[in-house]
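Asks: The opening position of the sequence shown corresponds to residue 0 in our numbering, with each subsequent residue numbered one higher.
Every residue, glycine too, gets a C-beta built ideally from N, C-alpha and C.
Sharing a structure below in structure tokens format, with a few things to ask.
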Amino acid sequence: MAFDLLNLIADHRSENYELYSQHVNPQFTKVLKTIGFDRIYERGEGAWLWDVAQRKYLDMLGGYAVHNAGRNHPVIRKAMTDWLSTDSANLVQFDAPLLSGLLAGELTARTGLDKVFFTNSGTEGIEAALKFARCATGRPGVISCQSGYHGLSFGSLSVTADENFREGFGPFPSEFRSIPFNDLETLAEVLSGGDVAAFVVEPIQGKGVNIPDDGYLREAARLCRQHGSLFIADEVQTGLGRTGSFLAVDHDGEVDPDIVVLSKALSGGYVPVGAVLTRDDIWKKVFSSMERSVVHSSTFHENGMAMAAGLSYLSVMDDENLMERAKAMGGLIRDGLESMFEKYEFLKSVRQRGLMVGIELGPPKSLKLRAAWKLVEKMDRNLFPQAVVIPLLDDHGILTQVAGHNKPVIKLIPPLVIDESDVNWFLEGFDAVMKQLHRFPGPAWTVLSKLGKNAVTRRDRS
Ligand SMILES: Cc1ncc(COP(=O)(O)O)c(C=O)c1O
0 MAFDLLNLIA
10 DHRSENYELY
20 SQHVNPQFTK
30 VLKTIGFDRI
40 YERGEGAWLW
50 DVAQRKYLDM
60 LGGYAVHNAG
70 RNHPVIRKAM
80 TDWLSTDSAN
90 LVQFDAPLLS
100 GLLAGELTAR
110 TGLDKVFFTN
120 SGTEGIEAAL
130 KFARCATGRP
140 GVISCQSGYH
150 GLSFGSLSVT
160 ADENFREGFG
170 PFPSEFRSIP
180 FNDLETLAEV
190 LSGGDVAAFV
200 VEPIQGKGVN
210 IPDDGYLREA
220 ARLCRQHGSL
230 FIADEVQTGL
240 GRTGSFLAVD
250 HDGEVDPDIV
260 VLSKALSGGY
270 VPVGAVLTRD
280 DIWKKVFSSM
290 ERSVVHSSTF
300 HENGMAMAAG
310 LSYLSVMDDE
320 NLMERAKAMG
330 GLIRDGLESM
340 FEKYEFLKSV
350 RQRGLMVGIE
360 LGPPKSLKLR
370 AAWKLVEKMD
380 RNLFPQAVVI
390 PLLDDHGILT
400 QVAGHNKPVI
410 KLIPPLVIDE
420 SDVNWFLEGF
430 DAVMKQLHRF
440 PGPAWTVLSK
450 LGKNAVTRRD
460 RS
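Structure representation (structure tokens):
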């Protein structure tokens, strides 16, 4: 019988975890089962997901900031099916694809940069940016920031300082150094060595949702110019409207990055794509002759379907005022959370720009809760925020994440299409979870203690 995808899906309905454990990643399925995240999602629309039992969930994770336009947006979906209906001459390789030129034109017009190199992912974008910077400057060094994240392929991992990702994969190039985020003095000092090709930085660090001081990005870019190094803005997560402007560097005035890396939301949630935007003079140093016209390339980097996804996402972003919406809805979330500060002593701060939100938790004041907090922290530093994330999903149908290893920060990066009623759904759920957590002893602490014992037993065994 001819292959039939829908039949295949129907024949294996609900075998997800069994098959995934057996053939893909049993460690990850164990994690999901341990925290009760082993749902079988079947359908998505806008900011909502439905599982096989038809329970609905508000997606405040947005596929790690991929679904800015919401899942299965009709305009983007139509672009996908339209593209398939053209019987296109896709991936000829020895041609100049129309959609690549059109998407590159849109991106350069929106950023003032001159040329675009397309990739299949964020990490590939960082790889390209690092190569371009070395080639254009003739220098070996790269500076990045501690607690930053730029991807996990070798070059991008070399600028991701987090040991949780690095362990077992070193050594890394000694010319690559990491410095504290938001620290201009150290940046100036390292740049003054004169051997630095580039400083690569996220305008807002995704791990932890760390927002730098006003003026930091502008001054960092100026220092780079002064010392002949390039400023690479990693906007893989923050770009494309997420923070309320097209690029997050735009919040800091005239930053004028030399290279900008985009990905995630450009996919429209359908087809992997990334884009490295740069100036002509940098581009010309890399692709300096006909012999070098494809000196950096990748088989799928201009896949027509990915280009169509990017074009349609940008059009939806404009037509639905997603940047304005991100600003407005992010503001409502922030106000709602800040109004809870007085009631809940575990709440420490809210870091928010557009729809990139970090809710920082910390030690309480009252003695009884403080003792419980300390006990949980001693068992496992990653545990406490799970007492928020787990009941948000279980009891309130809200999908969120912890912002990184050893960070008591809950992160929200929902689709930019959320509306006021979605915001209220989130705030009500969050309020209820906080209320539970401030009741000790109580069910939230029982869950934590169970998870903690699991973690300790796992550590003892390893
Ligand atoms: C800021 C940033 N840079 C790079 C990457 C890597 O992108 P990808 O996962 O597509 O390789 C990510 C992914 O989360 C990211 O957030």
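1. Take the Cβ of ASN6 as the centre, count every other Cβ of all protein chains shown within 10 Å, and call the residue buried at 16 or more, exposed below.
2. What is the rounded straight-line gap between the Cα of VAL248 and the Cα of LEU216?
3. At what residues does the alpha helix (DSSP H) containing THR80 begin and finish?
4. For the beta strand (DSSP E) that contains GLN92, what are its first and last residues?
5. Between LEU391 and GLY428, is the Cβ-Cβ spacing less than 8 Å?
6. Going by the DSSP bridge assignment, what does SER177 pair with across the sheet?
7. Using the Cα positions of ASN302 and LEU90, report the straight-line distance between them to the nearest angstrom.
8. Alpha carbon to alpha carbon, what distance is there between PHE93 and ILE293?
9. ILE463: buried (16+ other C-beta within 10 angstroms of its C-beta) or exposed?
10. Figure out for me which residue from LEU156, GLU174, LEU321 has the closest Cα to the Cα of PHE168.
11. Quick check: is any heavy atom of ligand 1 less than 7 Å from the C-beta of TYR312?
12. Give a yes or no on contact between the segment 238 to 255 and the segment 34 to 52, applying the rule of three or more CB pairs nearer than 8 Å.
13. Does the beta carbon of ILE125 fall short of 7 Å from some heavy atom of ligand 1?
14. How would you write the range of the alpha helix (DSSP H) that TYR312 sits in, first residue to last?
15. For ALA370, is the classification buried or exposed, using 16 other Cβ atoms within 10 angstroms of its Cβ as the cut-off for buried?
16. Taking 7 Å as the cut-off, is the CB of GLN145 close to at least one heavy atom of ligand 1?
17. Taking only heavy atoms of ligand 1 into account, decide whether any of them is closer than 7 Å to the Cβ of HIS149.
18. So ALA371 is in the beta strand (DSSP E); what residue range does that whole segment cover?
19. Could you give the distance in angstroms between the alpha-carbon of ALA78 and the alpha-carbon of GLN435?
20. Return yes when at least one heavy atom of ligand 1 lies under 7 Å from the C-beta of GLN236, else no.
21. Go to ALA127, then tell me how far its alpha helix (DSSP H) extends in each direction, as first and last residue.
22. Name the DSSP bridge partner or partners of THR118?
23. When you compare the CB positions of HIS295 and LYS130, do they come within less than 8 Å of one another, or not?
24. Output the boundary residues of the beta strand (DSSP E) element that contains ALA196.
25. In its own chain, which residues sit with a C-beta less than 8 Å from the C-beta of THR107, not counting the 5 before and 5 after it?
26. Do three or more CB pairs link the segment 221 to 235 to the segment 186 to 206 at distances below 8 Å?
27. Report the option in HIS72, THR28, GLU126 whose CA atom is closest to the CA atom of SER297.
28. Which word fits GLY289, buried or exposed, when buried means at least 16 other C-beta atoms lie within 10 angstroms of its C-beta?
29. On the CB-based measure, 16 or more other CB atoms within 10 Å of its CB, does ALA1 come out buried or exposed?
30. Taking 8 Å as the cut-off, does the segment 349 to 356 touch the segment 367 to 381 (at least 3 CB pairs, one atom from each stretch)?
31. Could you check whether LEU239 and MET339 sit closer than 8 Å to each other, using their CB atoms as the reference points?
32. Where GLU44 and LYS284 are concerned, what is the direct C-alpha to C-alpha distance, given to the nearest angstrom?
33. Less than 7 Å between C-beta atoms, sequence neighbours within five positions excluded: which residues of the same chain meet that for ASP212?
34. Looking at the strands, I want to know which residues DSSP matches up with ARG352.
35. Counting C-beta neighbours from all protein chains within 10 Å, is the total for ARG42 16 or more, i.e. buried, or is it exposed?
36. Can you find a heavy atom of ligand 1 that lies under 7 Å from the Cβ of TYR269?
Replies: With the structure as the only source:
1. Walking along the sequence shown from the start, residue 6 turns up at place 7. It counts as exposed.
2. Here residue 248 refers to the residue found at position 249 when the sequence shown is read from its first residue. Here residue 216 refers to the residue found at position 217 when the sequence shown is read from its first residue. Each residue's alpha carbon lies about 7 Å from the other.
3. Translated into the one-based positions of the sequence shown, residue 80 becomes position 81. Run containing THR80: 73 to 84, per the alpha helix (DSSP H) assignment.
4. Counted from its first residue, the sequence shown places residue 92 at position 93. Counting along the chain, GLN92 falls outside any beta strand (DSSP E), and DSSP gives it neither H nor E.
5. To locate residue 391, count along the sequence shown from 1; it is residue 392. To locate residue 428, count along the sequence shown from 1; it is residue 429. Their beta carbons are under 8 Å apart, which means LEU391 touches GLY428 by this criterion.
6. Numbered from its first residue, the sequence shown carries residue 177 at position 178. Answer by DSSP bridge pairing, in chain order: SER143.
7. Here the question's residue 302 lines up with position 303 in the sequence shown. Here the question's residue 90 lines up with position 91 in the sequence shown. The straight-line gap from Cα to Cα measures roughly 6 Å.
8. As a first step, residue 293 must be located in the sequence shown, where it is residue number 294. As a first step, residue 93 must be located in the sequence shown, where it is residue number 94. Ile is not the amino acid found at residue 293; the sequence shown has Val there. Here the C-alpha atom of VAL293 lies approximately 11 Å from the C-alpha atom of PHE93.
9. In this structure the chain extends from 0 to 461, so residue 463 is not present and cannot be described.
10. Here residue 168 refers to the residue found at position 169 when the sequence shown is read from its first residue. Per the C-alpha coordinates, the member of LEU156, GLU174, LEU321 positioned closest to PHE168 is LEU156.
11. In the sequence shown, residue 312 corresponds to position 313, counting from 1. No, Cβ of TYR312 sits at least 7 Å from all heavy atoms of ligand 1.
12. Three or more Cβ pairs closer than 8 Å define a contact, and the segment 238 to 255 falls short of that threshold against the segment 34 to 52.
13. As a first step, residue 125 is located in the sequence shown; it is residue number 126 there, counting from the start. Checking the 7 Å criterion, the Cβ of ILE125 is within range of a heavy atom belonging to ligand 1.
14. For the purposes of this step, residue 312 is taken as the residue at position 313 of the sequence shown. It spans 303 to 318 - the alpha helix (DSSP H) in which TYR312 sits, taken as one unbroken run.
15. Sequence index remark: in the sequence shown, residue 370 carries index 371 (1-based). By the 16-neighbour rule on beta-carbons within 10 angstroms, ALA370 is exposed.
16. Start at 1 with the first residue of the sequence shown, and residue 145 comes out as number 146. Distances between the C-beta of GLN145 and the heavy atoms of ligand 1 are all 7 Å or more.
17. The count along the sequence shown starts at 1 and reaches residue 149 at position 150. Under cutoff, so the answer is yes.
18. Indexing the sequence shown from 1 puts residue 371 at position 372. No beta strand (DSSP E) contains ALA371, which is instead part of the alpha helix (DSSP H) from 366 to 378.
19. As a working mapping, residue 78 is identified with position 79 in the sequence shown. As a working mapping, residue 435 is identified with position 436 in the sequence shown. Linking ALA78 to GLN435 through their CA atoms gives a straight-line distance of about 45 Å.
20. The count along the sequence shown starts at 1 and reaches residue 236 at position 237. Yes - ligand 1 has a heavy atom lying nearer than 7 Å to the Cβ of GLN236.
21. Within the sequence shown, residue 127 is the residue found at index 128, counting from 1. Unbroken alpha helix (DSSP H) run through ALA127: 121 to 136.
22. Here residue 118 refers to the residue found at position 119 when the sequence shown is read from its first residue. The partner list for THR118 (beta bridge, DSSP) reads GLY273.
23. Along the sequence shown, one-based indexing puts residue 295 at 296. Along the sequence shown, one-based indexing puts residue 130 at 131. Yes; because the gap between Cβ atoms is below 8 Å, this pair is in contact.
24. Counting from one through the sequence shown, the residue named residue 196 turns up at place 197. 195 to 200 is the span of the beta strand (DSSP E), which, as asked, contains ALA196.
25. Along the sequence shown, read from residue 1 onward, the residue named residue 107 stands at position 108. Here the set comprises ASP113, LYS114, VAL115, LEU276.
26. They touch, by the three-pair rule.
27. Along the sequence shown, one-based indexing puts residue 297 at 298. From the listed residues HIS72, THR28, GLU126, the smallest Cα separation to SER297 is found for GLU126.
28. Mapped onto the sequence shown, residue 289 falls at position 290. In the sequence as displayed, the identity of residue 289 is Met instead of Gly. Using a 10 angstroms sphere on the CB of MET289, the tally of other CB atoms stays under 16, which defines it as exposed.
29. In the sequence shown, counting from the first residue as 1, residue 1 sits at position 2. The residue is exposed, with fewer than 16 neighbouring Cβ atoms inside 10 Å.
30. Per the Cβ contact rule, the segment 367 to 381 is not in contact with the segment 349 to 356 (fewer than 3 Cβ pairs under 8 Å).
31. Within the sequence shown, the letter at position 340 stands for residue 339. Within the sequence shown, the letter at position 240 stands for residue 239. Contact: no.
32. Residue mapping note: residue 44 aligns to position 45 of the sequence shown, counting from 1. Residue mapping note: residue 284 aligns to position 285 of the sequence shown, counting from 1. The C-alpha of GLU44 lies about 44 Å from the C-alpha of LYS284.
33. To locate residue 212, count along the sequence shown from 1; it is residue 213. ASN181.
34. Against the sequence shown, residue 352 aligns to sequence position 353. In the DSSP output, where bridge partners are listed per residue, ARG352 has MET355.
35. Here residue 42 is taken as the residue at index 43 of the sequence shown, counted from 1. A residue is called buried when at least 16 other Cβ atoms come within 10 angstroms of its Cβ; ARG42 does not meet this threshold and is exposed.
36. Taking the sequence shown and counting its residues from 1, one reaches residue 269 at position 270. Outside the cutoff, so no.
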